[in-house]
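Residue numbers (this note's numbering): 1297 to 1745. For glycine and all other residues, C-beta sits at the position ideal for the given N, C-alpha and C.
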Ligand SMILES: [Zn+2]
Ligand SMILES: [Zn+2]
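In C-alpha cells:
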C-alpha cells in the first residue's frame, strides 16, 4: 500500500479492489492462465500448488472461503492468495488471471458485468459476510492497464503518455483514499480510476507507461492531485467550485483551446452567456470540430457506448420529472414548476440549484440542491453527465410545464485534465508535456523513481 504524503523513491506495489463488499458477491470463479506459474496460499500461508489452466471456484460457506479446484473441493480458509511467482511477468493483452463477472460502472448508467484478466496476484477475503477480491501488483503495470481501460486502443502516443502521467500523479498524490478502511489503495471503477487489468491492454499503453516511467506532475514540492474526467464541454472548472475545498493553484478553469481562441460568450459570468455557450458548439480541443462524432468510437474505452459528450440533451415529461424528484428528494410533489440556477462556476457548472414545485395540497414550495455531484445524482435516474446545463420548458396550463428539456455540456466533474480534449490535442500534434501543462497550469513534470 501507498504511504500518505510520502513521495516514493522506488516503484510502489498497489492493492486494487476488484470485487467490493457492495457488489455482494458470495462466489467468484478464477481461471489460471497457461503461463506463468502461480501458487495458492491460505490464511496460515500454507501452500497449495496450482497447475496452469486450473479453474478455481471460491464461495463462502460457514464463515470461511471454500475453494473448488477443477470441480474438486479442496478446503476452507478465512483468506486465500493466488500468488504470481514472477512479479514482473510479461504484460500482454489478456495475460494473467481471468476473473469472471466483475462489476464495471458501479452505480452509473453504464453498469455491467465483465470478465477481466489481471496481472500480479489476487487475494480473497471475507468482509461483512461477502467476498472482497484484491489485485496486488506494481504501480507501473497498473498504469499500463488504466491507460487502455480509460481510452480505446487507437489512441495517439501523446494521449496515452499524458493519461499515464495524470493517472500516476493522481494515484501517488493519494489524496482521496476512498477505500482505506478495506486496506485498498484504489478500487477498479470510475469511483477511483477505471481498471480492467490486461483485458484491453495494447502495446501503446505499455509503451506509454515505459516512456513516462516514474514521471509525475509536481507543484509546491508535492505530487499534484491530478483530477481528470471525460469531457469539459469547452472549459474546465475550478477545484473549489466542484469539491468545495480551498482553491488549488493548478486546478483552475482552463479554456480547452489554443491561446488564440476567443468566443463572445466568455467569460461565462451570466445566464445569457452560459446559454449562448451551451447552445453553441465552440471549436475547442474536445469538440466535434476537432474529433468528429463518428471517429470518436476508435478512441474510446469499451464500456462507454454513448457518444454524446460535448453537448447533450435530456427531455423529461412533467410526469417523469415529478416521479424522479419525488423519489430522489422525497418531495411529495404534485407537479414541478421550475428548475432554477442559483450559482454557477466558471464553466457554467451548477454549484447551487433550486427546484420549485407544487405540493399535493396545491401549495407552492421550493428546495435548494447544493453541490454539482448531488445535482447530477438528483436530476437523473442514475447520474446526469454534468452539471453544466440549461433548462428549456415546454409551457403547459396554469404555469405547470408540460416537459423540461435539459441541454448540457461535457461529461464529468470538469476539474483538471479533459480526456477528450487531450485526445484532440494529441491528434493536432501537441507533445505529451504540452498537454499535461495545458490542463495543470503552473505545475512541473518530474521523474521521481
Ligand atoms: Zn473507488
Ligand atoms: Zn475539454
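- Message: Check this for me: beta carbons of residue 1711 and residue 1538, under 8 Å apart or not?
- Response: By 1-based counting over the chain shown, the position of residue 1711 is 415. By 1-based counting over the chain shown, the position of residue 1538 is 242. In this structure, residue 1538 lies closer than 8 Å to residue 1711 by Cβ.
- At which residues does the alpha helix (DSSP H) containing residue 1590 begin and terminate? Position 294 of the chain shown, counting from 1, holds the residue named residue 1590. Residue 1590 -> alpha helix (DSSP H) spans 1589-1592.
- Item | Beta-ladder partner(s) of residue 1742, from DSSP | Translated into positions along the chain shown, residue 1742 becomes position 446. Residue 1742 is bridged by DSSP to 1512.
- Query: Does the separation of the CB atoms of residue 1695 and residue 1633 fall below 8 Å?
  - Reply: Residue mapping note: residue 1695 aligns to position 399 of the chain shown, counting from 1. Residue mapping note: residue 1633 aligns to position 337 of the chain shown, counting from 1. With contacts defined as CB atoms closer than 8 Å, residue 1695 and residue 1633 qualify as a contacting pair.
- Query: Who pairs with residue 1645 in a beta bridge, going by DSSP?
  - Reply: Taking the first residue of the chain shown as 1, we reach residue 1645 at position 349. According to DSSP, which records beta bridges pairwise, residue 1645 is partnered with nothing at all.
- Determine, using beta-carbon pairs with one atom in the region 1371-1390 and one in the region 1496-1510, whether at least three such pairs fall under 8 Å. Yes, the region 1371-1390 is in contact with the region 1496-1510.
- Message: Could you check whether the Cβ of residue 1579 sits closer than 7 Å to any heavy atom belonging to ligand 2?
- Response: As a working mapping, residue 1579 is identified with position 283 in the chain shown. Checking the Cβ of residue 1579 against ligand 2 gives no.
- Message: At 3 residues or longer, what runs of the beta strand (DSSP E) sit wholly inside the region 1339-1415?
- Response: List check, beta strand (DSSP E) in window: 1343-1345, 1351-1357, 1360-1365, 1368-1373, 1375-1380, 1393-1400, 1408-1414.
- Count the other CB atoms, across all protein chains shown, that sit within 10 Å of the CB of residue 1737; report buried if there are 16 or more and exposed otherwise. Within the chain shown, residue 1737 is the residue found at index 441, counting from 1. With a threshold of 16 other beta carbon atoms within 10 Å, residue 1737 falls short and is exposed.
- Classify residue 1654 as buried or exposed, calling it buried when 16 or more other Cβ atoms lie within 10 Å of its own Cβ. In the chain shown, counting from the first residue as 1, residue 1654 sits at position 358. By the 10 Å Cβ count, residue 1654 comes out buried.
- Under the criterion of a Cβ to heavy atom distance below 7 Å, does residue 1319 qualify as lining ligand 1? Within the chain shown, the letter at position 23 stands for residue 1319. For ligand 1, not one heavy atom lies less than 7 Å from the Cβ of residue 1319.
- Distance cut-off 7 Å: residue 1716 Cβ against heavy atoms of ligand 2: The sequence position of residue 1716 within the chain shown is 420, counting from 1. Using a cutoff of 7 Å, the CB of residue 1716 counts as near ligand 2, since one of the ligand's heavy atoms is closer than that.
- Query: Quick one: what does DSSP say residue 1586 is sitting in, helix, strand or coil?
  - Reply: As a first step, residue 1586 must be located in the chain shown, where it is residue number 290. Coil.
- So, is residue 1531 buried or exposed, given that buried needs 16 or more other C-beta atoms within 10 angstroms? The count along the chain shown starts at 1 and reaches residue 1531 at position 235. Buried, since its Cβ has 16 or more Cβ neighbours within 10 Å.
- Task: Tell me, please, whether the region 1701-1715 touches the region 1506-1515 by the rule of three or more beta-carbon pairs shorter than 8 Å.
- Result: Cβ pair count under 8 Å is below three, so no.
- Closest by CA to residue 1657, which one among 1520, 1642, 1631? By one-based count along the chain shown, residue 1657 stands at place 361. Ranking 1520, 1642, 1631 by Cα distance to residue 1657 puts 1631 first.
- Message: Report the CB separation of residue 1239 from residue 1373 in whole angstroms; it is logged as a contact under 8 Å.
- Response: For the chain, the structure presents residues 1297 to 1745; residue 1239 sits outside this window and is missing.
- Query: Rounded to the nearest angstrom, how far is the Cβ of residue 1417 from that of residue 1377, given a contact under 8 Å?
  - Reply: By 1-based counting over the chain shown, the position of residue 1417 is 121. By 1-based counting over the chain shown, the position of residue 1377 is 81. By a beta-carbon distance limit of 8 Å, residue 1417 contacts residue 1377. Their separation comes to about 6 Å.
- Message: Is residue 1783 close to ligand 2? I mean its beta-carbon at under 7 Å from any heavy atom of the ligand.
- Response: One cannot answer for residue 1783 here, as it falls past the ends of the chain, which runs 1297 to 1745.
- Query: In the structure shown, what three-state DSSP assignment does residue 1304 receive?
  - Reply: Taking the chain shown and counting its residues from 1, the one referred to as residue 1304 is at position 8. In the structure shown, residue 1304 sits in coil (DSSP, three-state: anything other than H, G, I, E or B).
- Task: For residue 1700, write down the residues that DSSP places opposite it in a beta bridge.
- Result: Residue mapping note: residue 1700 aligns to position 404 of the chain shown, counting from 1. Per DSSP, the beta bridge partners of residue 1700 are 1612, 1689.
- If you follow the beta strand (DSSP E) that residue 1553 is part of, which residue opens it and which one closes it? The residue labelled residue 1553 in the question sits at position 257 within the chain shown. Note, residue 1553: premise wrong, no beta strand (DSSP E); not H, not E.
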